[in-house]
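Below you'll find the structure, written out as structure tokens, and then a few comments.
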Amino acid sequence: MGKTVSITDIGRKRKLNQDYVFIADLPVGKLPNLYLVADGMGGHNAGGFASRYAVETIVEQINRSQEEGAFSLLYEAIEEANFQVRRKALEDESMSGMGTTLVAATIEGDRLQVANVGDSRLYLVGDTIRQITTDHSLVEEMVRMGGINREQARNHPDKNIITRAIGAGEEIKPDFFEVRLSKNDRIFMCTDGVSNMLTDEEIFRILQEPGGEEEQVRRIVQAANEQGGRDNMGVILITPDI
């Protein structure tokens, strides 16, 4: 495996960090590796609990699962996380209504397999930057329907309303994506605390700067904070060994 770096940051406006990341360059159950980014929501520390608990549940489920294939493993694990987050929310009134986004990735050879729920993102970064996941958000649906354009979406007042989340309902519907990786491709995963503060072009430019992966990730968080840092940030940058 190549190199993986991650970071979370509380940002400049929030009192709690509700973003959670997980990286495993070595096998998790039947998966060759696993990368998870989650952005929790809920009052007090419920969002922070939801993101961490969902990630831990997913890792545990994949470790014990007998399913075959990345998408089957991820789907089963996300379903289990949805069930467990909802169960906790029903047991504890202070956690009522909590939920979390999730973007998950695993790499086998030159195949990148991705699952997502919510508006945390995965980008493929090579000669250009390309968002692989589709945001499950009200604003994204408005863009798809032609109601607003991409630039209006960036600053829309309803930008924080997501249409799918782990814990939000009995049914959970992740999206799945498969991408063939080229030799110099990298994978950038982040919560909306980054993507709401920086354009794709700004992220891409920072990822082209010299200084190595740790420095690039640190600069992205710094740039998002300089733009206002309105939310927590969770970031993973993967340089696969293809």
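Under this note's numbering, the letters of the sequence shown match residues 130 to 371, in that order.
Yeah, the Cβ is synthetic: ideal placement off N, Cα and C, and Gly gets one too.
All figures in this text were calculated on a predicted structure; none of them were measured in a lab.
With distances taken Cα to Cα, identify the nearest neighbour of residue i among the options.
i: Ile-349; options: Ile-261, Glu-338, Ile-332; result: Ile-332
i: Thr-257; options: Phe-317, Arg-279, Thr-235, Gln-242; result: Phe-317
i: Lys-159; options: Gly-169, Gly-171, Glu-196, Ala-183; result: Glu-196
i: Gly-438; options: Leu-163, Ile-187, Asp-154, Arg-143; result: The structure shown has nothing for residue 438, since the chain only spans 130 to 371.
i: Glu-330; options: Lys-302, Arg-259, Ser-266, Gly-357; result: Arg-259
Let's test the definition: count the other Cβ atoms within 10 Å of the Cβ of residue i and tell me whether it reaches 16, buried, or not, exposed.
i: Met-326; result: buried
i: Asn-211; result: buried
i: Ile-371; result: exposed
i: Met-274; result: exposed
i: Asp-264; result: buried
i: Lys-217; result: buried
i: Asp-138; result: buried
i: Ser-225; result: exposed
i: Gln-337; result: exposed
Which partner residues of residue i appear in the DSSP bridge assignment?
i: Tyr-82; result: Lying before the first or after the last residue shown, residue 82 is absent from the chain, which here runs from 130 to 371.
i: Asp-304; result: Asn-245
i: Asp-138; result: Met-362
i: Phe-212; result: Answer by DSSP bridge pairing: none, since Phe-212 is not bridged.
i: Ala-234; result: Tyr-164, Val-243
i: Thr-229; result: Gly-169, Ile-295
i: Gln-260; result: Tyr-252
i: Met-318; result: Leu-251, Ile-365
Does the Cβ-Cβ distance between residue i and residue j come in under 8 Å?
i: Glu-237; j: Pro-161; result: yes
i: Gln-242; j: Glu-185; result: no
i: Ala-167; j: Ser-223; result: no
i: Asn-192; j: Gly-255; result: no
i: Leu-253; j: Asn-245; result: no
i: Thr-368; j: Arg-309; result: no
i: Ile-335; j: Ile-152; result: no
i: Asp-304; j: Thr-235; result: no
i: Lys-132; j: Glu-342; result: yes
i: Asn-289; j: Arg-141; result: no
i: Ala-183; j: Val-134; result: no
i: Asp-239; j: Leu-267; result: no
i: Ile-187; j: Leu-165; result: yes
Return yes when the C-beta of residue i is under 7 Å from any heavy atom of the ligand MN, and no when it is not.
i: Asp-248; result: Although the ligand MN was asked about, the structure shown includes no ligands whatsoever.
| message | Pairs of beta-carbons, one from the segment 314 to 325 and one from the segment 356 to 363, closer than 8 Å: are there three or more? | response | Output reads yes: the segment 356 to 363 touches the segment 314 to 325.
Original post:
Touch check for the segment 287 to 294 and the segment 219 to 238: three-plus C-beta pairs under 8 Å?
Top reply: With the cut-off at 8 Å, the segment 287 to 294 and the segment 219 to 238 touch.
Query raised in the report: For the segment 198 to 208 against the segment 295 to 315, are there 3 or more C-beta pairs whose distance is under 8 Å?
Result: Because the criterion of three Cβ pairs below 8 Å is met, the segment 198 to 208 and the segment 295 to 315 touch.
Exercise. Would you say the segment 278 to 290 touches the segment 173 to 186, given that touching needs at least three Cβ pairs under 8 Å?
Worked result: Counting C-beta pairs with one atom in each stretch, the segment 278 to 290 and the segment 173 to 186 have fewer than three that are closer than 8 Å, which means they do not touch.
| said: So, does the segment 338 to 349 touch the segment 143 to 161, judging by three or more C-beta pairs under 8 Å? | reply: Put simply, the segment 338 to 349 does not touch the segment 143 to 161. Fewer than three CB pairs are less than 8 Å apart.
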